[in-house]
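Trainee:
Number of protein chains: 4
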Amino acid sequence: MPGGQTERTLSPREIKRRKILRAAIDVFAEKGYFAARMTDVAHRADVADGTLYLYFEGKEHLLVSIFDDMFSTFIQQLQAEIAELSDPLEKLRVMLRLHLQALGRDRALAHVLQIETRHSRRFMNLFTRGRLDEYLGLLRGIIEEGQELGRFRRDIKPGLATKVVFGAVDELVTSWLLADRETRLEAQLPNMMKLLSQGLVPCEMHDVE
Amino acid sequence: MPGGQTERTLSPREIKRRKILRAAIDVFAEKGYFAARMTDVAHRADVADGTLYLYFEGKEHLLVSIFDDMFSTFIQQLQAEIAELSDPLEKLRVMLRLHLQALGRDRALAHVLQIETRHSRRFMNLFTRGRLDEYLGLLRGIIEEGQELGRFRRDIKPGLATKVVFGAVDELVTSWLLADRETRLEAQLPNMMKLLSQGLVPCEMHDVE
Amino acid sequence: MPGGQTERTLSPREIKRRKILRAAIDVFAEKGYFAARMTDVAHRADVADGTLYLYFEGKEHLLVSIFDDMFSTFIQQLQAEIAELSDPLEKLRVMLRLHLQALGRDRALAHVLQIETRHSRRFMNLFTRGRLDEYLGLLRGIIEEGQELGRFRRDIKPGLATKVVFGAVDELVTSWLLADRETRLEAQLPNMMKLLSQGLVPCEMHDVE
Amino acid sequence: MPGGQTERTLSPREIKRRKILRAAIDVFAEKGYFAARMTDVAHRADVADGTLYLYFEGKEHLLVSIFDDMFSTFIQQLQAEIAELSDPLEKLRVMLRLHLQALGRDRALAHVLQIETRHSRRFMNLFTRGRLDEYLGLLRGIIEEGQELGRFRRDIKPGLATKVVFGAVDELVTSWLLADRETRLEAQLPNMMKLLSQGLVPCEMHDVE
DNA sequence: GATGAATGAGTCTTCATTCAT
DNA sequence: AATGAATGAAGACTCATTCAT
Numbered sequence: 415m416p417g418g419q420t421e422r423t424l425s426p427r428e429i430k431r432r433k434i435l436r437a438a439i440d441v442f443a444e445k446g447y448f449a450a451r452m453t454d455v456a457h458r459a460d461v462a463d464g465t466l467y468l469y470f471e472g473k474e475h476l477l478v479s480i481f482d483d484m485f486s487t488f489i490q491q492l493q494a495e496i497a498e499l500s501d502p503l504e505k506l507r508v509m510l511r512l513h514l515q516a517l518g519r520d521r522a523l524a525h526v527l528q529i530e531t532r533h534s535r536r537f538m539n540l541f542t543r544g545r546l547d548e549y550l551g552l553l554r555g556i557i558e559e560g561q562e563l564g565r566f567r568r569d570i571k572p573g574l575a576t577k578v579v580f581g582a583v584d585e586l587v588t589s590w591l592l593a594d595r596e597t598r599l600e601a602q603l604p605n606m607m608k609l610l611s612q613g614l615v616p617c618e619m620h621d622v623e
Numbered sequence: 415m416p417g418g419q420t421e422r423t424l425s426p427r428e429i430k431r432r433k434i435l436r437a438a439i440d441v442f443a444e445k446g447y448f449a450a451r452m453t454d455v456a457h458r459a460d461v462a463d464g465t466l467y468l469y470f471e472g473k474e475h476l477l478v479s480i481f482d483d484m485f486s487t488f489i490q491q492l493q494a495e496i497a498e499l500s501d502p503l504e505k506l507r508v509m510l511r512l513h514l515q516a517l518g519r520d521r522a523l524a525h526v527l528q529i530e531t532r533h534s535r536r537f538m539n540l541f542t543r544g545r546l547d548e549y550l551g552l553l554r555g556i557i558e559e560g561q562e563l564g565r566f567r568r569d570i571k572p573g574l575a576t577k578v579v580f581g582a583v584d585e586l587v588t589s590w591l592l593a594d595r596e597t598r599l600e601a602q603l604p605n606m607m608k609l610l611s612q613g614l615v616p617c618e619m620h621d622v623e
Numbered sequence: 415m416p417g418g419q420t421e422r423t424l425s426p427r428e429i430k431r432r433k434i435l436r437a438a439i440d441v442f443a444e445k446g447y448f449a450a451r452m453t454d455v456a457h458r459a460d461v462a463d464g465t466l467y468l469y470f471e472g473k474e475h476l477l478v479s480i481f482d483d484m485f486s487t488f489i490q491q492l493q494a495e496i497a498e499l500s501d502p503l504e505k506l507r508v509m510l511r512l513h514l515q516a517l518g519r520d521r522a523l524a525h526v527l528q529i530e531t532r533h534s535r536r537f538m539n540l541f542t543r544g545r546l547d548e549y550l551g552l553l554r555g556i557i558e559e560g561q562e563l564g565r566f567r568r569d570i571k572p573g574l575a576t577k578v579v580f581g582a583v584d585e586l587v588t589s590w591l592l593a594d595r596e597t598r599l600e601a602q603l604p605n606m607m608k609l610l611s612q613g614l615v616p617c618e619m620h621d622v623e
Numbered sequence: 415m416p417g418g419q420t421e422r423t424l425s426p427r428e429i430k431r432r433k434i435l436r437a438a439i440d441v442f443a444e445k446g447y448f449a450a451r452m453t454d455v456a457h458r459a460d461v462a463d464g465t466l467y468l469y470f471e472g473k474e475h476l477l478v479s480i481f482d483d484m485f486s487t488f489i490q491q492l493q494a495e496i497a498e499l500s501d502p503l504e505k506l507r508v509m510l511r512l513h514l515q516a517l518g519r520d521r522a523l524a525h526v527l528q529i530e531t532r533h534s535r536r537f538m539n540l541f542t543r544g545r546l547d548e549y550l551g552l553l554r555g556i557i558e559e560g561q562e563l564g565r566f567r568r569d570i571k572p573g574l575a576t577k578v579v580f581g582a583v584d585e586l587v588t589s590w591l592l593a594d595r596e597t598r599l600e601a602q603l604p605n606m607m608k609l610l611s612q613g614l615v616p617c618e619m620h621d622v623e
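Chains as they are written, first to last, in this note's numbering: chain A, 415 to 623; chain Z, 415 to 623; chain S, 415 to 623; chain W, 415 to 623.
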């Protein structure tokens, strides 16, 4: 999610902006957003306290910026990779793989995005969910496409399916985060794909249902 | 989830304790845990500020107590209702139904449990997740039982399935909460059960997978 | 201006309120409003920093309250004493005497009212001048009455005369304040009355004018 | 008051100095000295923040310089015009006319001189009053001269008369400023001269006094 | 037990000033 | 000379908690 796709040359301003953002991610992940003090972030970024305010409007904006920056980079990458595929199931798999990879690669970032960024309804309504809708929209698009092509079961509302899929991945990430395992997050992908696509109950018993 | 199964007579102390807890739920839901002030809770409960500390150790303990009280009542009810069933799929359905009912019935409580109670890793590790494990254990037990009885697909790790199911319900609740819909939360149950049990992909295409 | 006319018993709250106000007057007079820190006021009043905010909304409100408290007490006294007189010139004399006495008696208060309370247009428009209008209205009333009775020259606009009289007293106070003299402020009254009532130029030369 | 009597050619440095001073007057008048930020002044003057410090020692010096610059120009003009007159009453009239003209012509400047420049005892003692003494000395000289020549009443202390006259004009200016009238300040001069020279009380009633 | 007035530690933010370029 | 990015000291205010009544 971070790095990689950056242009050859970054302006000095952009470099410092990212240094501060990185410091904020690390500090927020370590101490939590509320316990973190602006001065901690400044020290970690190796700048003066006041400098933070030359790049960000305030503490909350720092948190919002983490979300926005990482998210928009991620969504772009997602769209690029998905565009090249035709099979909806394949698109879904790639989407979830990128999701798990992006977060699995950067534990501190994952912390901030999974937890600190969801600390209140106000914050979620104002920031988290707003951005998340782009992701959910992409996901829903894939599901609807799959239904049209007959690759996905048609008797399930795409809105609900979107929530179930997102909820599943999201919980996977959160429990990986909190359990502090050594497992690679991505390793769970095949199993999860099977479960989501085929369900809990074997086919021959579906009539029972 | 609250009330209902309590004994006939509650001690005056217990009555006031619950009054405070209810006030805390409402205030936390309205303003968010951090923005809520102890004095707000006291006013809502119609007691003096200092009185809160005769019943709870402090602000954080108030939040923990909400979780614990509601959760233990809920888990008890869950176990009682499930014990009477034999079919794992039925158990699962009842479990999720109770989950959705309990939260769908009390929006303020749902707010607190879904959001305020998850505001930091520290809090989740210390309180939220600890209590949640009882719920997750119950869920996992049902899934394992289903696999043993051949009612559930055996090629899926029960740990993963537990997370997927919990993640799905959890997300359902959260999006219901944030969207502020008029929908009854419980109404989504049949659709979700179908999706979880049969998966996204129709049986005849499973080989493709 | 302060004290004197207070009721027999003051509530404990009112006592503490006045203690804080007195501390604020002294601190503002010593260090100036802007240089004064809230913690200075709290220390002087012998209360905790936070206690200030139980009695006043903030630093600015402290300054406004000094003005309002002292001014309303003063205006009341003024009206009471003037009501008993009939001669406009006498009324004027009493008014100015009370003015000079009230401020001459309490140098710190005079400092705050003459200087700190006039630090910006915004503050003057919002607070100082608004209150002052009551005083100016009283003054103007006396002048108009004097003109009607033929005791004061009729060819002078009362609005202008009001300003001239107020400006003269006000400047007298300010220069007394800044010169840090030992003179009693009140001692200047007879001279000033003569000047205001008879003017700079002897009568026999008025035609020259 | 500004410009006018300056030499034909100003050094580039002096030009920029004045540009900054003008910017400071406007910004201080608009936002008040304390609320004004150095960066506001720099922007208004169309120079970089740091440049201000190549011309002025700091924010306070900017305010002092406004006072000094404008005042010394004013005093010079005053002395020149008065020197040509012989009648003390005429001198007084010219002095007050110039005073009212100078401020009436430049509202922003008047703001700064009447209000911002008097924000604290420290500032007044250190700067405002010090410069003002030149003005007051001039005024006092005229009054004493008038008394010697028998044109002014001898039974009034010149010090007091000076204060009364200055206070009257000063208040006139301040109330003109705050009332935000459309009146020309200077228009009040004749009336004020009459009041100051002949007093409030008609001659035939002076014995009453 | 209940009260609620008092406490005081804790922190985000502003902005005058500096100095490397 | 001019720039403007960076600095960092400083302080008003909040609010969880206590404790004398």
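Ideal placement from N, C-alpha and C gives every residue a C-beta, glycine not left out.
With phenylalanine 485 (chain W) as the anchor, note down where its alpha helix (DSSP H) starts and where it stops.
Mentor: Against the fourth sequence, residue 485 (chain W) aligns to sequence position 71. Its alpha helix (DSSP H) spans residues 473-497.
Trainee: Output yes if chain W places a C-beta closer than 8 Å to the C-beta of lysine 608 (chain S); else output no.
Mentor: For this step, residue 608 (chain S) is matched to residue 194 along the third sequence. So yes, lysine 608 (chain S) belongs to the interface.
Trainee: Closest Cβ-Cβ distance between serine 486 (chain A) and chain Z: below 8 Å?
Mentor: On the first sequence, residue 486 (chain A) is found 72 positions in, with the first residue counted as 1. No, its Cβ sits nowhere closer than 8 Å to a Cβ of chain Z.
Trainee: Taking valine 615 (chain W) as the query, report the chain S residues whose CB atoms sit under 8 Å from its CB, ordered along the chain.
Mentor: The residue given as residue 615 (chain W) occupies position 201 in the fourth sequence. Those within 8 Å of valine 615 (chain W) in chain S are Leu503, Arg565, Phe566, Arg567, Ser611, Gln612.
Trainee: Alpha carbons only, please: which of W:Leu514, W:Gly551, W:Arg595 is nearest the one belonging to alanine 582 (chain W)?
Mentor: To locate residue 582 (chain W), count along the fourth sequence from 1; it is residue 168. Nearest C-alpha to alanine 582 (chain W): W:Leu514.
Trainee: Count the other CB atoms, across all protein chains shown, that sit within 10 Å of the CB of leucine 563 (chain A); report buried if there are 16 or more and exposed otherwise.
Mentor: On the first sequence, position 149 is the one that residue 563 (chain A) refers to. With fewer than 16 Cβ atoms within 10 Å of its Cβ, leucine 563 (chain A) is classed as exposed.
Trainee: Would a C-beta distance cut-off of 8 Å place phenylalanine 481 (chain A) and phenylalanine 448 (chain Z) closer than the cut-off?
Mentor: Start at 1 with the first residue of the first sequence, and residue 481 (chain A) comes out as number 67. Start at 1 with the first residue of the second sequence, and residue 448 (chain Z) comes out as number 34. Taking 8 Å as the Cβ cut-off, phenylalanine 481 (chain A) and phenylalanine 448 (chain Z) do not qualify as a contacting pair.
Trainee: Enumerate in chain order the residues of its own chain whose CB-to-CB distance from glycine 446 (chain A) is below 7 Å, with the five nearest sequence positions on each side excluded.
Mentor: The residue given as residue 446 (chain A) occupies position 32 in the first sequence. Glu530.
Trainee: Identify which residue in Z:Ala443, Z:Ser425, Z:Lys608 has its Cα closest to the Cα of arginine 535 (chain A).
Mentor: On the first sequence, position 121 is the one that residue 535 (chain A) refers to. Checked all of Z:Ala443, Z:Ser425, Z:Lys608; the closest Cα to arginine 535 (chain A) is Z:Ala443.
Trainee: Using the rule of at least 16 other Cβ atoms within 10 Å of the residue's Cβ for burial, across every protein chain shown, is threonine 453 (chain Z) buried or exposed?
Mentor: Your numbering for residue 453 (chain Z) matches position 39 in the second sequence. Threonine 453 (chain Z) is exposed by the Cβ-count criterion.
Trainee: Applying the criterion that 16 or more other CB atoms from any shown protein chain within 10 Å of the CB defines a buried residue, is proline 502 (chain A) buried or exposed?
Mentor: Along the first sequence, read from residue 1 onward, the residue named residue 502 (chain A) stands at position 88. Burial call: buried.
Trainee: Can you give me the C-alpha to C-alpha distance between leucine 435 (chain S) and leucine 476 (chain S), rounded to a whole angstrom?
Mentor: In the third sequence, the residue the question calls residue 435 (chain S) occupies position 21. In the third sequence, the residue the question calls residue 476 (chain S) occupies position 62. Taking the straight line joining both Cα atoms gives about 7 Å.
Trainee: By the DSSP assignment, the alpha helix (DSSP H) with aspartate 440 (chain Z) in it spans what residues?
Mentor: Numbered from 1 along the second sequence, position 26 holds the residue referred to as residue 440 (chain Z). It spans 426-445 - the alpha helix (DSSP H) in which aspartate 440 (chain Z) sits, taken as one unbroken run.
Trainee: Compare the C-beta of isoleucine 529 (chain W) against all C-beta atoms of chain S and say whether one is closer than 8 Å.
Mentor: Counted from its first residue, the fourth sequence places residue 529 (chain W) at position 115. True, the Cβ-Cβ gap to chain S drops below 8 Å.
Trainee: Return yes when the Cβ of glycine 613 (chain S) is within less than 8 Å of the Cβ of leucine 610 (chain W), no when it is not.
Mentor: As a working mapping, residue 610 (chain W) is identified with position 196 in the fourth sequence. As a working mapping, residue 613 (chain S) is identified with position 199 in the third sequence. A contact, by the Cβ cut-off of 8 Å.
Trainee: Less than 8 Å between the beta carbons of isoleucine 439 (chain W) and leucine 506 (chain W), yes or no?
Mentor: Residue 439 (chain W) sits at position 25 when you count from the first residue of the fourth sequence. Residue 506 (chain W) sits at position 92 when you count from the first residue of the fourth sequence. Result no, Cβ atoms of isoleucine 439 (chain W) and leucine 506 (chain W) do not sit closer than 8 Å.
Trainee: Does chain Z have any CB closer than 8 Å to the CB of valine 578 (chain A)?
Mentor: By 1-based counting over the first sequence, the position of residue 578 (chain A) is 164. Chain Z, which has a Cβ nearer than 8 Å to the Cβ of valine 578 (chain A), makes this yes.
Trainee: Less than 8 Å between CB atoms is the rule here; does glutamine 515 (chain W) satisfy it with respect to chain S?
Mentor: The residue given as residue 515 (chain W) occupies position 101 in the fourth sequence. With 8 Å as the cut-off, glutamine 515 (chain W) does not count as an interface residue toward chain S.
Trainee: Measure the C-alpha to C-alpha separation of isoleucine 496 (chain Z) and asparagine 539 (chain Z) and round it to an integer number of angstroms.
Mentor: Counted from its first residue, the second sequence places residue 496 (chain Z) at position 82. Counted from its first residue, the second sequence places residue 539 (chain Z) at position 125. The straight-line gap from Cα to Cα measures roughly 28 Å.
Trainee: Curious, which full-length alpha helix (DSSP H) runs of at least 4 residues does the stretch 560-605 of chain A contain?
Mentor: List check, alpha helix (DSSP H) in window: 572-593.
Trainee: Hey, does methionine 538 (chain Z) have any beta-carbon neighbour from chain A nearer than 8 Å?
Mentor: Along the second sequence, read from residue 1 onward, the residue named residue 538 (chain Z) stands at position 124. So, interface residue.
Trainee: With DSSP as the reference, label aspartate 501 (chain S) as helix, strand or coil.
Mentor: In the third sequence, residue 501 (chain S) corresponds to position 87, counting from 1. The answer is coil: DSSP assigns aspartate 501 (chain S) none of H, G, I, E or B.
Trainee: Using the three-state DSSP reduction, which class does valine 455 (chain Z) fall into: helix, strand or coil?
Mentor: Looking up residue 455 (chain Z) in the second sequence gives position 41. Note: valine 455 (chain Z) maps to helix in three-state DSSP.
Trainee: In angstroms with no decimal places, state the Cα-to-Cα distance between tyrosine 469 (chain W) and glycine 464 (chain S).
Mentor: What you label residue 469 (chain W) is simply residue 55 of the fourth sequence in a count that begins at 1. What you label residue 464 (chain S) is simply residue 50 of the third sequence in a count that begins at 1. Each residue's alpha carbon lies about 43 Å from the other.
Trainee: Mapping the DSSP letters down to three states, classify leucine 614 (chain A) as helix, strand or coil.
Mentor: Stepping through the first sequence from its first residue, residue 614 (chain A) is reached at position 200. Correct three-state label for leucine 614 (chain A): coil.
Trainee: From the beta carbon of serine 589 (chain S), is the nearest beta carbon of chain W less than 8 Å away?
Mentor: As a first step, residue 589 (chain S) is located in the third sequence; it is residue number 175 there, counting from the start. Chain W contact via Cβ: present.
Trainee: Return helix, strand or coil for threonine 465 (chain A), following the three-state DSSP convention.
Mentor: Here residue 465 (chain A) refers to the residue found at position 51 when the first sequence is read from its first residue. Correct three-state label for threonine 465 (chain A): helix.
Trainee: Considering just the uninterrupted stretch of the alpha helix (DSSP H) at histidine 525 (chain W), what are its terminal residues?
Mentor: Working through the fourth sequence from its first residue, we reach residue 525 (chain W) at position 111. Note, histidine 525 (chain W): alpha helix (DSSP H), 521-528.
Trainee: Would you please state the rounded distance, in angstroms, between the beta carbons of valine 579 (chain Z) and methionine 606 (chain A)? I believe it to be under 8 Å.
Mentor: Along the second sequence, read from residue 1 onward, the residue named residue 579 (chain Z) stands at position 165. Along the first sequence, read from residue 1 onward, the residue named residue 606 (chain A) stands at position 192. Contact doesn't hold; Cβ gap of about 12 Å is too wide.
Trainee: From histidine 533 (chain Z) to arginine 543 (chain S), what does the alpha carbon distance come to, in whole angstroms?
Mentor: By one-based count along the second sequence, residue 533 (chain Z) stands at place 119. By one-based count along the third sequence, residue 543 (chain S) stands at place 129. Distance between the alpha carbons of histidine 533 (chain Z) and arginine 543 (chain S) is about 50 Å.
Trainee: Is DSSP giving alanine 450 (chain Z) helix, strand or coil here?
Mentor: What you label residue 450 (chain Z) is simply residue 36 of the second sequence in a count that begins at 1. Note: alanine 450 (chain Z) maps to coil in three-state DSSP.
Trainee: Answer with buried or exposed for threonine 597 (chain A), where buried requires no fewer than 16 other C-beta atoms within 10 angstroms of its C-beta.
Mentor: For the purposes of this step, residue 597 (chain A) is taken as residue 183 along the first sequence, with counting starting at 1. Threonine 597 (chain A) should be labelled exposed.
Trainee: Indicate whether at least one CB of chain S lies closer than 8 Å to the CB of glycine 581 (chain W).
Mentor: Here the question's residue 581 (chain W) lines up with position 167 in the fourth sequence. By this cut-off, glycine 581 (chain W) is an interface position.
Trainee: Taking the alpha-carbon positions, what's the arginine 432 (chain Z) to arginine 519 (chain S) distance?
Mentor: To locate residue 432 (chain Z), count along the second sequence from 1; it is residue 18. To locate residue 519 (chain S), count along the third sequence from 1; it is residue 105. Rounded to the nearest angstrom, the two C-alpha atoms are 59 Å apart.
Trainee: I need the DSSP call for phenylalanine 470 (chain W), collapsed to helix, strand or coil.
Mentor: By one-based count along the fourth sequence, residue 470 (chain W) stands at place 56. Phenylalanine 470 (chain W): coil per DSSP, three-state reduction.
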